[in-house]
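If you want our numbering, it's the 1-based position in the sequence shown plus 291.
Structure, as structure tokens:
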Amino acid sequence: MPAFARQLAAERPDEVALRDATRAMTWAEVGDVLDRVATRLLATDLGPKRRIAVFAENANETALAHLGGLLGGASTVPVNFHLTADETAYILGDSESRIVFVGPETLERGLAAARQAGVATVVAWGVPPTDGVVQWDDWIAEVDPVDPPDDTAPLPNLLYTSGTTGLPKGTELPPTMFAGGGTMAEHLEALKKNRFAAFGTHLVVGPMYHTGPLSGMRLLVAGIPSVILAKFDAEGTLRAIDDYRTESAVMVPTHFVRLLALPDEVKARYDVSSMRLVAHTGASCPVDVKRAMIEWWGPIFTDAYGASEVGTTCSITSEEWLAHPGSVGRAIPPFEALVIGDDDQELPPNTEGRLYFRDTTGRGIVYPNDPAKTAAAHIAPGVFTLGEIGYVDDDGYVYITDRFSDMVVSGGVNIYPAEAEQVLVQHPEVADVACIGVPHPEMGEELKALVIARDPSAPPEPAELIAFCRERLSHYKCPRTVEIVTDLGRNTMGKINKRKLRAPYWDTAG
């Protein structure tokens, strides 16, 4: 078994290493499964890019497929388990994955996607015998496990963002988020230097197709026990913290909103004093929400502002935030923050403009199969934007004030309106459509469709348009509300000013 698991199995034979809602596994059990997964993958032709996809809800097996893939020299592709079969098939094909792992919730869609994309091997857990599917237990049993070699090169994950033009874009987990190293031995040593590795049991709260939970789950191979929640539930999260004395987690502001909304008697029922570090990502956290969480859990929060494409660009501790409320922190190496005006020149401190970051390594954002999108994210080599507006104060602290990209962040999830727009405009009663982000008290934003009816005297029903979209796209990508309008303000070039469309909703939000 891997050296870390062998050592921990000897030192702490009864300690639970990995736990989900159905099963607790010791270090010896985890090590045996990782050996088997890695051995199978090392002996499998995974193509030149050595990619495998994991299309499953949170579970022990989801983590073990990713980690066994890491130890077996594979680049694992976490696929959003909300996606349709067609959406999943595109990712399987674009990533050149040779195996797809699925759970009971994704079996039907995963099998259909694999057939469409020409992926020959589908491995599933928790499902009855199914044609075209290899059972997880059988797949790992059909091998004599050997210790994974220490000199295997670790390969970063390939993650997919939604596309501004409707197709997802793949981006490798950047060096700031992937421990790297020339060999697996070097990689595992680097993982032990992760800030979370200084603490005890890690709680995986969010879905492991997101960068934060995915990176937190990887702590297992640094010797940190993990508790995996199948889905976020506010009281269930408090119960898990209390029951298993977890010490760290990655969350998003929507999690905080839902935790704070619990009745006081429920919150008082659970002891959360074991928690020592919570990183939050996904969106800027409202000031009142952040302050309330610090008052409840203590100054254990670190805002990690950034994106999957580049990792964390800014960071701020609770103590710093209390002195600079609302800030997402100062830029951290290798990044430098700068604010650009309409003339593409850098602006002085305390002046609002387009927020950019200079990657001093020169890398910036890289979309491997999309050089056009890579170029569009940069204003100069290594100088990129995440599509937001803000300013930097005299002390170097960054504040986000708005967004100039079309992207909507709802509950920490990135949604690109182009996908829903391209579906809705196909409806026979829709002449034109624009989707925008509007305020939502719990999710931060939600997607709204502004629709021009083909026949203004008989406009389509909003519920019908939402249902039409949901039949063709994952539900989270579809608008939650629809408003019939008479004009979208398209200019002579056919472009829409989304900021202008959004403004009335945000101006009246508070």
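Even glycine gets a Cβ: it sits at the ideal position worked out from N, Cα and C.
Just so you know, these numbers come straight off a predicted model, no measurement behind them.
Query: Enumerate in chain order the residues of its own chain whose CB-to-CB distance from P730 is below 7 Å, with the five nearest sequence positions on each side excluded.; Result: E736, Y796, W797, A800
Query: Give, in chain order, every unbroken run of the beta strand (DSSP E) that is at least 3 residues long and sits entirely within the segment 557–581.; Result: 568–571
Query: Going by other Cβ atoms of all chains shown within 10 Å of its Cβ, with 16 needed for buried, is P770 buried or exposed?; Result: buried
Query: Does the Cβ-Cβ distance between L529 and V557 come in under 9 Å?; Result: yes
Query: In the segment 508–549, which residue ranges form an unbroken beta strand (DSSP E) of at least 3 residues, counting only runs that do not cross its ends?; Result: 517–519, 539–542
Query: So A740 and L715 are supposed to be a Cβ contact under 8 Å. How far apart are they, rounded?; Result: 6 Å
Query: CB-CB under 7 Å to T802, same chain, minus the five flanking residues each way: which ones, in chain order?; Result: A query on residue 802 cannot be resolved here, the shown segment of the chain reaching from 292 to 801 and no further.
Query: Is it the case that the segment 358–366 contacts the segment 335–343, given that we only count it when at least three CB pairs across the two stretches are under 8 Å?; Result: yes
Query: Quick one, which of A350, V328, Y451, T375 has its alpha-carbon nearest I390's?; Result: V328
Query: Would you kindly report the start and end of the unbroken beta strand (DSSP E) that includes D693?; Result: 688–694
Query: For K581, count neighbouring C-beta atoms within 10 Å of its own C-beta (all shown protein chains included) and say buried if the count is 16 or more, exposed if not.; Result: buried
Query: For G360, report the span of its beta strand (DSSP E) as first-last.; Result: From DSSP, G360 is part of no beta strand (DSSP E) but of the alpha helix (DSSP H) over 351–362.
Query: Classify A722: buried if its beta carbon has 16 or more other beta carbons within 10 angstroms, exposed otherwise.; Result: exposed
Query: Could you tell me which whole alpha helix (DSSP H) segments of length 4 or greater appear in the segment 357–419?; Result: 376–386, 398–408
Query: For T651, collect the residues of the same chain with a Cβ closer than 8 Å to its Cβ; drop the 5 residues on either side in sequence, then sort them by chain order.; Result: P624, P625, F626, E627, G673
Query: Output the boundary residues of the alpha helix (DSSP H) element that contains I757.; Result: 753–761
Query: Helix, strand or coil: how does DSSP classify R342 here?; Result: strand
Query: Is DSSP giving K839 helix, strand or coil here?; Result: With the chain running from 292 to 801 in the structure shown, residue 839 is simply not present.
Query: How long is the line joining the alpha carbons of R314 and W416, rounded to whole angstroms?; Result: 13 Å
Query: Give the secondary structure of H615 by DSSP, where H, G and I count as helix, E and B as strand, and everything else as coil.; Result: coil
Query: Provide the residue(s) that pair with L464 in DSSP beta bridges, ordered along the chain.; Result: Per DSSP, none; premise fails for L464.
Query: Using a Cβ-Cβ cutoff of less than 8 Å, which residues in the same chain neighbour P395 once the five nearest sequence positions on both sides are dropped?; Result: A415, W416, G417, V418
Query: How many angstroms separate the CA atom of L646 from the CA atom of I680?; Result: 5 Å
Query: Taking M316 as part of the beta strand (DSSP E), name the residues at either end of that continuous run.; Result: 315–317
Query: In the DSSP output, what is N705 paired with across the bridge?; Result: V700
Query: Does D811 pass the burial test, meaning 16 or more other C-beta atoms within 10 Å, or should it be called exposed?; Result: In the structure as shown, the chain begins at 292 and stops at 801. Residue 811 is therefore absent and cannot be evaluated.
Query: Can you find the residues in the same chain that come closer than 7 Å, C-beta to C-beta, to D385, ignoring five residues on each side of it along the sequence?; Result: G461, N660
Query: What does DSSP give as the partner residue(s) for R745 in the beta ladder?; Result: Per DSSP, none; premise fails for R745.
Query: Helix, strand or coil for E477 per DSSP?; Result: helix
Query: Determine, for A405, whether the minimum Cβ-Cβ distance to residues of chain C falls below 9 Å.; Result: Looking for chain C here will not work: only one protein chain is present.
Query: With a threshold of 6 Å on Cβ separation, who are the neighbours of T455 within its own chain once the five nearest residues in sequence on each side are excluded?; Result: Because the pLDDT of T455 is 48, which lies under 50, any placement of that residue in the model is unreliable, and the number read from its coordinates should be weighed accordingly. The residues are Y707, A709.
Query: Sorted by chain position, which residues of the same chain lie with C-beta nearer than 7 Å to I727's C-beta, five sequence neighbours on each side aside?; Result: P708, K739, L741, K789, L792, R793
Query: Between E733 and the rest of its own chain, which residues show a CB-CB distance below 7 Å, the 5 nearest in sequence each way excluded?; Result: T545, V548, R549
Query: Could you tell me the boundaries of the alpha helix (DSSP H) in which F295 lies?; Result: 294–302
Query: Here's the rule I'm using: 16 or more other beta-carbon atoms within 10 Å means buried, otherwise exposed. How should W587 be labelled?; Result: exposed
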